[in-house]
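These protein sequences, in sequence, are chains A and P. Just so we're aligned, residue 1 is where the first sequence starts under our numbering, counting upward by one. Just so we're aligned, residue 1001 is where the second sequence starts under our numbering, counting upward by one. Built from N, CA and C at the ideal position, the CB exists for glycine as well. What you are looking at is a predicted structure, and each value in this text was computed from that prediction instead of being measured. Since the structure comes first, as structure tokens, the remarks are kept for the end.
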Amino acid sequence: MFTLDRKKIISSALVASVILLGTACNASTETEKAPAKTETKTEVVKTVPETQATAATGDKGIDGGAVYTIKDGMYTSYAVNEQAKKDFTFGRTPSKTEEAAWDIDVMPDGTGLPEGSGSVEDGDEIYEEQCAMCHGDFGSGGKGSRSTYPTLSGGEHDSLTYQRVGDNTDGPKRVIGSYWPQASTLFWYVQSGMPFNHPKSLSDDETYAVVAYLLSINEIEIDGEEMDDEYVLDREKFMKIKMPNEDGFIPVIDGPDGPANVKKFLADPNNYGNGTRCMKDCLEGEKPNIVRIKTEINAFEPPMSVERSFKEAEASGPIHPGQKVYESSCAACHATDAMGAPPSGDKAAWDTKLEKGIDVVYANGINGINAMPPKGGNMTLTDDQFKAAVDFMIDSAK
Amino acid sequence: MNKMTKTSEQHLASNADESVELISRRNFFRKAAVYSASAVAATSILSPVKLNAADDPAIVHEAEWGIKLGDPVTKNRYGVPSPYEHNNTRRTTSLLASGDDYASISMCPIHEQEGIITPNGLFFNRVHGGVAHVDPKGYRLMIHGLVEKPLVLTLDELKRYPSVSRVHFVECPANGGPEWRGPQFNSIQFAKGMMSQAEWTGVMIKDLIADLGLKPEAKWMLAEGCDNSEMGRTVPVEKVLDDAMIVWAQNGEALRPEQGYPVRLMLPGWEGNLQVKWLKRLEFSKEPFYAKEETAKYTVLTPSGKAIQHFYPLEVNSIITSPCPEKPWTDLKKGDLVEIQGLAWSGQGTIKTVDISFDGGDNWVEASLKGLILPKAWTRFSYMYRYEGKPLLLSSRAIDDSGHIQPTIDQETAVVGVEAVYHRNSICTWEVTDKGVVNNVHIRS
């Protein structure tokens, strides 16, 4: 089917170039296959420049797309320096320590997974302190200042076939337990990218604990065993995890045939949708069924406008010395009360904190208290910078 | 040499004389204007000649900018757009934020896009942990794993490698993703603005790793960022050895922080998410890495319950940018000859043909391509149309040189359903009303 379509395109391209030549020679070789001309379109300007037309090799790349090579010093329309590019001397060899410092990815075969252990119970505690303000209780999702943070649990594997068409309003639930193919991804994600506002702050044991908690609320069983509060996850047990949706992905990317499988899959557009080049009566007598916007979303910032009008320079008062630090290090949690932190500018919330005096507020912030990590997780701040940011949030309240 | 200098001096001097003369002549007219009985009260070039009320004040009056000095060249050491263009800007909406504005996206105003190069300040911006600010002095790039000779480079060392410059679009695979189940935005900026295009400059990775000795069992490469989110993605070695680049410049200047300053990965035509910003590490391996953004996200769930993973290329696509909801035809009169134009692109090749339909896809005519036609790049198409003031359903359909044809909505959803989130490339249609208002609609069977 695909081969046929392709042949059709190639032949129609040939027809197009014949027409082009024909027009140039003023010969009467137009065929019925010529694209319909209209009154306003008086000439057929239709071809890809020669360098490009000849550059595509006809081979498919791993993405199912065209492959181009360098020919006569040209890569498609780009001129190329073809002198030898070999034996460069720049840079140096990294030390083993340097490689180890950066190579913390965790692969399904256990490569990169550190030794360590943590219990579901300990994970629950860390989760409540450092994760629940965004991801909600038991991974149910939480509200940020703009929209909701990702839900981490509560999805049925069966829901993956749900489609919201017609009267069906239930869509697929893509959470860790229902969707993720590998647990290694979860460990790696938590260790390198979470908690969101101060990642890379959990120890290996803490990471095991948080991962154990997340797997338990997703009702994952390890080696037939349920993960209750006392369950302690370690490297050995981790390697036995089989995620429910491990076989839910196509094409198969593992093993020596992985790349070839991907290539074969992507080479066939019928796997992901391809069109046809119909030119006339394509709807076969039917009227087009027009679906219009039901509920328009237009809360854009700034509001939509194409007006070209002079905008007076924004009135720029003096900038508070703590504002920049606030915006880069504090706003993620302190912009609203969604995460339980006193919001910037909320007088009542800050008055409560200030009951014991500003120095206590500074000290708690610098050392960390409850869900507030030391210096908001940004240990590069000096005490003065940190205090200025606190001042900014309090001053905004006045 | 001397002679030339002298000539230019003389030229300058004579210009100066002329302007003095001009100013005094104008002063004369200005004074004369005071006594003019003209209906137009303001300063006039033509006074004391009588002016008609219909004469365009923009022509017959001195414009403010024509009668006083402009800014000295010392103003704006780094230039900024005209203040009149303040509405040509990236925009955001809460719907497309995850929690807060740190894992979010800002949309490119493609209704204002001219030509095929997006100005750096308007390039769409998708980040997963905020825009990192990397000090180039502390920047290192490590290439290791299944290579004979691992390598660490500083930024200056990286830039010593021979560079190439290529024009490529970058598109988030979720572009158009909010509209799988029906149109939601009456705006091209929000319906299709998760993409932009630049000329990228950097080194071809194949040139860089030729010296490192890639081991034969190396099949995949992890690309990882050094930002807060530590974005990582797995890339097949075949792409790395084809046209993958490590880039440090966009449109002639250093990458913007939003685009990964100082260094990002460039995989022409592939998902924007794969073009890892703030690039820190390339690790070659035998097996794929299962990074977070290729399992939980950036996979295409189909109605069978199976999800397509490692779906790299953005498929052939197109959109009519003029007219569009933001740039309607409400000012046109019946009989006006107007250009319909738009952008077509494919991550799987070079745009070969674009067809246009005026009746919702029943009949099609071939448009012209115009300007540069480059692989894996936005290509402009154009069609001259005599406006009739009648309702239209205006669609475009692109075809690339790898044989892929943009599908209808029905053709695409028949295969991948409506819960795919990513890789939506079906034909877009604008409804043009008899008043020239343009609305975003979907055409279904």
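| Item | Value |
| --- | --- |
| Look up P:Asn1125 in the DSSP assignment and give the residues it is bridged to. | P:Ser1106 |
| If we ignore side chains and look at the alpha-carbon of each, how far apart do A:His135 and A:Glu129 end up? | 11 Å |
| I'd like to know whether the C-beta of A:Asp204 is nearer than 7 Å to at least one C-beta of chain P. | no |
| Closer than 8 Å, Cβ to any Cβ of chain P: which residues of the region 341-356 of chain A, in chain order? | none |
| Can you name the residues of chain D whose CB is closer than 8 Å to the CB of A:Gln163? | Although the question refers to chain D, the structure presented lacks it and instead comprises the protein chains A and P. |
| Check each candidate in P:Met1204, P:Pro1136 and P:Met1107 and name the one with the smallest Cα separation from A:Lys85. | P:Met1204 |
| Cβ of A:Glu246 less than 7 Å from any chain P Cβ? | no |
| Restricting to Cα atoms, I'd like to know which of P:Phe1123, P:Gly1361, P:Gln1348 and P:Leu1265 is closest to P:Glu1258. | P:Phe1123 |
| What does the alpha-carbon distance come out to for the pair P:Asn1052 and A:Glu307? | 29 Å |
| Under the three-state reduction of DSSP, which class applies to P:Ala1198: helix, strand or coil? | strand |
| Let me know if P:Ile1443 comes out buried or exposed under the rule of 16 or more other beta-carbons within 10 Å of its beta-carbon. | buried |
| May I ask you to verify whether the region 1416-1434 of chain P touches the region 154-170 of chain A, counting CB pairs closer than 8 Å and requiring at least 3? | yes |
| Along chain A, which residues have their Cβ under 7 Å away from the Cβ of P:Gly1232? | Asp105 |
| For the candidate residues A:Glu236, A:Glu225 and A:Ala183, whose alpha-carbon lies nearest to that of A:Val210? | A:Ala183 |
| Give me the Cβ distance between A:Pro244 and A:Ser178, rounded to the nearest whole Å; I'm assuming they're in contact under 8 Å. | 7 Å |
| Kindly list the residues whose CB is nearer than 6 Å to the CB of P:Ile1143, restricted to its own chain and excluding five residues on each side of it in sequence; keep chain order. | Leu1151 and Leu1282 |
| So what does DSSP say about A:Leu381, is it helix, strand or coil? | coil |
| Does the beta-carbon distance from A:Ser344 to A:Gly376 come in below 7 Å? | no |
| Can you give the Cα-Cα distance for A:Lys96 and P:Gly1145, rounded to whole angstroms? | 12 Å |
| Which residues in the same chain have their Cβ closer than 7 Å to the Cβ of P:Asn1251, if we skip the five residues on either side of it in sequence? | Ile1117, Asn1120, Ala1198 and Glu1199 |
| Nearest to A:Asn274 by alpha carbon, out of P:Gly1129, P:Ala1058, P:Pro1083 and P:Val1415? | P:Val1415 |
| What does the alpha-carbon distance come out to for the pair P:Thr1433 and P:Pro1268? | 38 Å |
| Measuring CB atoms only, is the region 1176-1196 of chain P touching the region 1212-1231 of chain P, in the sense that at least three cross pairs come out at less than 8 Å? | no |
| In whole angstroms, give me the CA-to-CA distance for P:Leu1153 and A:Gly91. | 5 Å |
| Starting from P:Pro1150, find everything on chain A with Cβ-Cβ shorter than 8 Å and list it in chain order. | Thr93, Pro94 and Glu99 |
| Mark P:Asp1156 as exposed unless 16 or more other C-beta atoms lie within 10 angstroms of its C-beta, in which case mark it buried. | exposed |
| Using a Cβ-Cβ distance cut-off of 7 Å, determine whether A:Asn283 contacts chain P. | For the record, residue 283 of chain A in the displayed sequence is Leu; it is not Asn. Cβ-Cβ to chain P under 7 Å: yes for A:Leu283. |
| Using the beta-carbon of each residue, which ones in chain P are nearer than 9 Å to A:Leu113? | Ordered by position in chain P, no residue passes the 9 Å Cβ test against A:Leu113, which lies about 12 Å from the chain. |
| Using the Cα positions of P:Asp1242 and P:Ser1402, report the straight-line distance between them to the nearest angstrom. | 16 Å |
| Examine chain A for any beta-carbon lying closer than 7 Å to the beta-carbon of P:Glu1114, and answer yes or no. | no |
| Relative to the C-alpha of P:Thr1413, which residue among P:Leu1301, P:Gly1371 and P:Leu1069 is closest? | P:Leu1301 |
| In whole angstroms, give me the CA-to-CA distance for P:Val1235 and A:Asp105. | 15 Å |
| Counting only C-beta atoms, is A:Lys85 closer than 7 Å to chain P at any point? | yes |
| Given that a residue counts as buried once 16 or more other Cβ atoms are within 10 Å of its Cβ, and exposed if not, what is A:Thr89? | exposed |
| Buried or exposed: which applies to A:Leu83, given that a residue is buried once 16 or more other Cβ atoms fall within 10 Å of its Cβ? | Here residue 83 of chain A turns out to be Gln, not Leu, going by the sequence shown. Burial call: exposed. |
| List the residues of chain P that A:Lys311 touches, going by C-beta distances under 7 Å, in chain order. | Pro1083 and His1086 |
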